[in-house]
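Top line first, the protein sequences correspond to chains A and B. 72 is the number that numbering that gives the first Met the number 0 gives to position 73 of the first sequence; each next residue is one higher, with no gaps. 31 is the number that numbering that gives the first Met the number 0 gives to position 32 of the second sequence; each next residue is one higher, with no gaps.
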Amino acid sequence: MIAYVIKRLLLLPLLLFLFSVFAFFVIQAPPGDFLTSYIAQLAASGTSMDRAQIDALRQLYGLDQPVAVQYLKWVTRVMHGDLGVSLDWQRSNLQLIQERLVLTVVIALLTLLLTWAVAVPVGIYSATHQYSWGDYLFAVLNYVGVATPSFLVALVLMWLAFRYLGISVTGLFSPEYVNAPWSLERVIDLLRHIWVPVIILGLSGTARLARIMRANLLDELHKPYVAMARAKGLPEWKVVLRYPVRLAINPLISSIGWYLPQIFSGSLIVATVLNLPTIGPLMLRSLINQDMFLAGAIVLIYCLLAILGTLISDLLLAWADPRIRVER
Amino acid sequence: MSERKLTRRQFMGYAGLVASATVASACRPAATAAPTGTPAAPPPEAPTATPAATEGPTVAPVTAATAVPARYREAPMLKELVDQGALPPVDERLPEEPLVQPVVEEIGQYGGTWRRGFLGPSDHNNYTRVAYDALVRFTPDGGDVVPHIIKGWESSEDFTTWKLHLRPGMKWSDGEPFTADDIMFWYEHIVLNEELSPSVPGWMRNADGSVAKVEKLDDYTVQWVYQGPNTVFLLELANKDGADKAIMNLSFVPAHYLKQFHPDFVEKEELDAKVKAAGFETWVELFAVEAMPHVGGKRPSTAAWVPDGSTVSDQIFALKRNPYYFAVDPEGNQLPYIDHLRFTFFADVEGLNLAAVAGEIDMQGRHINMTNYPVLVENAEKGGYRVLTWPTFGGCDAVLMCNQTFVNNPAIGELLRVKDFRIALSHAMDREQIRETAFLGLGEPRQPVPAPWHPYYPGDEWAYKYIERDLDKANELLDSIGLDQRDGDGFRLLPNGERLDLEIQVIPAFANWPDVGQIVVQNWADVGVRAHVEIRERALGFQMRDTNDLMIEIWNDDTTGFPFTGQPKQDPRSTIALTFGPLFRKWYETGGAEGMEPPPEIKRLVEIIDEAKVSSRERQIELAQELFRIWADNVWELGTVGLTPMVQGVVVVNKDMRNVPETAGNDWPLRTPGNTRPEQYFFKR
């Protein structure tokens with residue numbers, strides 16, 4: 000087991016290197032560069048620069064050099080733990096990501112908690128009460144939850160909040176706390192705002208997980224060992240929770256691996272609509288603007304999360320299900 | 000009183016800046032009579048300096064309209080600091096002759112926070128427009144340039160030398176004196192530094208490409224010396240405010256602050272350490288950040304509000320009043336009235352619009368979508384705001400620019416260069432339908448020429464040339480130029496028998512231009528011309544402009560009032576972001592070696608622009624009118640609807656905020672709302 004983990008970790012730098020090459024060149028693939036999109040933005044604000052100014056900027060940012068040279072310069076810095084400076088924000092990429100990371104993780108974890116806390120019981124209920132009135136009700140709710148794009152839910156919620164409460168629910172803080180250092184008051188302010196994105200983000204995930212849980216559990220419920228346990232006189236709730244649930248939950252655990260990076264990027268549109276200071280919108284913006292150092296840095300972090308996430312779910316799976324333990 | 004020593008001849012020469020305002024007022028009835036139901040065709044405000052234009056050689060700038068008050072008052076928040084001894088008294092903070100800023104409605108009250116929304120670091124001009132921190136500024140109607148930081152100017156008889164007079168005793172926001180050295184630092188250590196300015200900005204160059212001279216005469220007098228006459232100097236200077244985050248767009252900087260980041264003043268090792276600490280690779284990058292108040296966050300400024308340490312990269316970009324601001328109202332109250340300015344970041348423009356509807360924005364036109372106008376008006380009472388409309392300064396809010404150097408498909412390229420073809424396309428368009436559908440019935444169908452009240456207006460004949468829908472005429476013209484063959488679907492074939500299919504690129508940047516495109520496609524189908532709309536992402540679309548891959552593109556013409564400064568769309572040489580004729584530009588850039596030689600009428604445009612830069616104001620006006628006559632007559636751009644508030648002209652204003660004019664000149668060179676003097680806005684409690 001330990002050898003397995005070590006092997007996986009040793010592969011990490013190589014994978015990251017491959018990803019970084021891939022990411023950088025994909026970001027560079029669309030026509031134009033940062034300055035093309037910068038000029039486009041300026042033009043959309045009603046201004047235009049002359050060629051001399053643009054050439055000067057291109058030189059300043061090193062965009063006049065070949066892509067390979069730009070990549071090498073960037074990757075050398077990355078290897079020294081320096082993620083470079085964002086062309087768009089004129090600030091260190093590390094700083095930009097760091098200040099958004101905490102909130103991104105908090106939202107991701109809360110969403111995960113909410114998803115599981117709702118989906119697992121609903122799944123169990125639906126499976127054990129198959130074709131009941133409640134099962135149908137949850138089924139309908141689940142279909143709606145899966146089918147409705149979460150950004151649309153966000154927009155509707157924003158409008159409703161404005162229409163009936165007269166407030167705009169965007170952002171994660173009240174104005175006075177946005178730039179403030181962390182304090183108890185700021186955390187409380189955060190908690191007052193964070194439920195909106197957490198519910199919206201959790202909605203489709205919950206619905207999907209509940210359906211998976213229901214299906215898995217239904218498979219298990221009719222197996223002989225369940226009948227055996229029941230025959231032995233265990234109370235029904237114990238029968239269900241003790242064995243079939245534990246097996247039915249396996250696929251959920253194995254999905255944590257891709258859940259981690261997905262919660263970072265998957266919240267992108269919702270976070271943009273809701274104006275959340277998380278990594279998603281930062282990434283979207285960097286891609287649109289061809290701010291390749293920042294985009295590259297974020298993609299690298301995503302890759303790292305995907306690799307670590309897979310490792311974590313493997314470990315969790317091994318812990319939860321003795322049958323699939325990796326033995327050498 | 001400001002110093003303005005002028006001979007009569009000199010005055011006549013450039014007082015055209017003032018004259019424009021005169022013409023403005025003369026033309027006003029025509030403007031308001033426009034039968035279009037526009038909510039507000041902007042009749043410019045009564046020009047401030049006009050009486051002098053007919054009188055004599057003393058041009059009274061705006062400031063002179065009111066005498067300097069005998070004593071000064073200040074905001075309570077500053078009074079407190081003075082009482083604590085943390086700040087010198089107001090009399091010592093103001094220059095000897097402060098700018099006396101007239102108020103739009105009434106003398107204001109101090110206090111409050113002005114809330115705006117912005118879209119992140121690339122939206123830096125949101126700040127520039129409010130700060131509008133320049134040596135001279137445009138008036139609210141945009142027809143005139145008036146002293147601002149400087150108290151006056153003089154030019155030589157031949158307009159080669161421009162002498163600027165600073166305000167003795169004026170200070171930066173940190174209390175350091177503002178002197179001629181702050182202009183000289185910019186000239187000697189920024190403009191003339193090859194690392195910072197690999198190429199000298201166009202307005203600082205003589206005709207032969209050499210750099211104009213800037214000389215310090217004394218602590219409060221600086222002069223620019225050009226080799227030849229330069230009559231657009233003041234117009235250019237009015238936009239030297241660091242817009243676009245470019246240090247090349249400055250004309251003065253706090254020398255005392257920037258010295259610490261410049262190798263002429265700091266040891267190399269020390270500077271390298273600073274560069275490294277900030278995460279940059281070269282000192283140029285660090286300097287470019289520190290030189291901008293809104294990017295560095297710490298640089299002292301002369302604007303009414305200064306950053307409190309936050310920058311345009313933050314979630315909230317906050318500004319506070321500049322305790323040393325050099326202007327007072329006519330009663331001697333130091334401006335600005337409003338204590339704080341707060342820009343809130345929105346990742347999404349619709350989120351910003353929702354905030355405006357919810358009444359969370361106090362005064363803003365930028366990023367407010369014209370299509371939301373009905374929703375805004377509907378919720379105005381609930382949100383506690385009113386909605387003003389400031390139509391653009393001229394031109395047209397959706398034009399179809401025909402690429403005159405399109406070569407990818409030679410047959411279509413040839414066609415786009417045929418004037419009768421363009422005229423036929425113009426007659427086939429249903430502009431009234433476009434106005435109703437895409438512009439909410441606002442504005443008027445017209446060609447891209449300046450507004451009727453603008454001195455450059457070439458006349459109704461040209462503004463409305465070829466705009467009536469006349470399918471017979473269009474069909475006749477199309478038949479006459481060899482497009483008389485049709486395919487089975489009734490669409491016309493090219494003379495060579497190939498299929499004719501025009502592509503209209505739309506970058507959905509401002510308004511529902513895609514709708515405009517779709518209507519035009521239908522309209523053209525009525526005369527057998529097949530076309531389709533291609534919606535592209537901005538960067539790609541701009542790249543394709545540059546690489547000459549576009550046939551026709553929809554964009555706006557918001558800088559029509561300024562054909563002789565900046566990057567006018569009528570100048571084929573000017574900008575890299577123009578569909579007009581990328582190969583013409585190349586032809587000019589390479590001295591005729593590459594690209595495509597422009598036809599005589601386009602060469603004439605270039606001649607006009609070059610002549611206007613060295614001509615008297617009267618001649619400039621003549622030339623501009625000729626330019627727009629050529630422009631409208633040749634229909635390189637097919638105008639649709641103009642004089643709408645589409646470009647940042649739907650303005651949401653808190654119901655308590657006063658001194659915001661009901662209408663104003665609205666255009667980027669005017670830095671709207673900067674030209675309406677935001678420092679005298681206030682919250683009436």
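For every residue, glycine included, the Cβ atom is placed at its ideal position computed from N, Cα and C.
- Judged by their CB atoms, L399 of chain B and T639 of chain B are nearer to each other than the 9 angstroms cut-off.
- In this structure the region 378-388 of chain B touches the region 649-668 of chain B; the number of beta carbon pairs closer than 8 angstroms is three or more.
- Think of a sphere of 8 angstroms around the beta carbon of F161 of chain A: the chain B residues whose beta carbon falls inside it are L353, V356 and A357, in chain order.
- Per DSSP, the unbroken beta strand (DSSP E) holding E636 of chain B starts and ends at E636 to G638.
- Proximity to L424 of chain B across B:T138, B:A524, B:W461 and B:F117 peaks at B:A524, based on C-alpha coordinates.
- Ranked by Cα distance from A28 of chain A, the first of A:L217, A:P321 and A:Y70 is A:Y70.
- At a beta-carbon threshold of 9 angstroms, the residues of chain A lying near S309 of chain B are N178, ordered along the chain.
- The beta carbon of V288 of chain B lies closer than 6 angstroms to those of V294 and G295 in the same chain, with the five residues before and after it left out.
- Under the three-state reduction of DSSP output, H255 of chain B falls in the helix class.
- Not a single CB atom of chain B sits nearer than 9 angstroms to the CB of R185 of chain A.
- Shortest Cα-Cα distance from I106 of chain B to any of B:R657, B:D459, B:K612 and B:T662 involves B:R657.
- For D217 of chain B, the enclosing beta strand (DSSP E) has its first and last residue at K212 to D217.
- Closer than 9 angstroms to the CB of T159 of chain B there is not a single CB belonging to chain A.
- Counting only residues of its own chain and dropping the five nearest sequence neighbours on each side, A611 of chain B has a CB closer than 6 angstroms to the CB of F563, Q619 and L622.
- Taking C-alpha positions only, K273 of chain B is separated from F264 of chain B by approximately 14 angstroms.
- Closest by C-alpha distance to P299 of chain B, out of B:A277, B:Y324, B:A276 and B:I315, is B:Y324.
- Interface flag for L59 of chain A against chain B is set, since a Cβ pair is found closer than 9 angstroms.
- Bridge partners of S154 of chain B according to DSSP: B:W161.
- At least one CB atom of chain A sits nearer than 9 angstroms to the CB of Q542 of chain B.
- Every unbroken stretch of the alpha helix (DSSP H) spanning 4 or more residues and falling wholly within the region 413-447 of chain B is given here in chain order: 418-427 and 430-437.
- The Cβ neighbour count for L136 of chain A, taken over all protein chains shown within 10 Å, is under 16; the residue is labelled exposed.
- Residue environment for Y60 of chain A: buried (at least 16 other C-beta atoms within 10 angstroms of its C-beta).
- The beta-bridge partner set that DSSP reports for K170 of chain B consists of B:P176.
- Between the alpha carbons of V298 of chain A and S266 of chain A lies a distance of about 15 angstroms.
- In this structure, F490 of chain B places its C-beta atom within 9 angstroms of the C-beta atom of R529 of chain B.
- For the 9 angstroms CB-CB criterion, E600 of chain B and N547 of chain B do not form a contact.
- D87 of chain A counts as buried, since no fewer than 16 other beta carbons sit within 10 angstroms of its beta carbon.
- Straight across, the Cα-Cα distance linking L98 of chain B with L200 of chain A is about 54 angstroms.
- By the CB criterion at 9 angstroms, D556 of chain B and D429 of chain B fall outside the cutoff.
- Annotation note: the region 593-669 of chain B contains the following uninterrupted alpha helix (DSSP H) runs of length 4 or greater, listed N- to C-terminal: 599-611 and 616-633.
- Contacts with chain A at 9 angstroms (Cβ-Cβ) do not include T220 of chain B.
- In terms of Cβ geometry, P68 of chain B and P329 of chain B form a close pair [threshold 9 angstroms].
- Counting along the chain, E235 of chain B sits inside the alpha helix (DSSP H) bounded by residues F232 to L236.
- H221 of chain A sits in coil when the DSSP states are folded into three classes, being neither helix nor strand.
- Here DSSP, grouped into helix, strand and coil, assigns T675 of chain B to helix.
- Separation of N178 of chain A and D313 of chain B (C-alpha to C-alpha, rounded to the nearest whole angstrom) is 8 angstroms.
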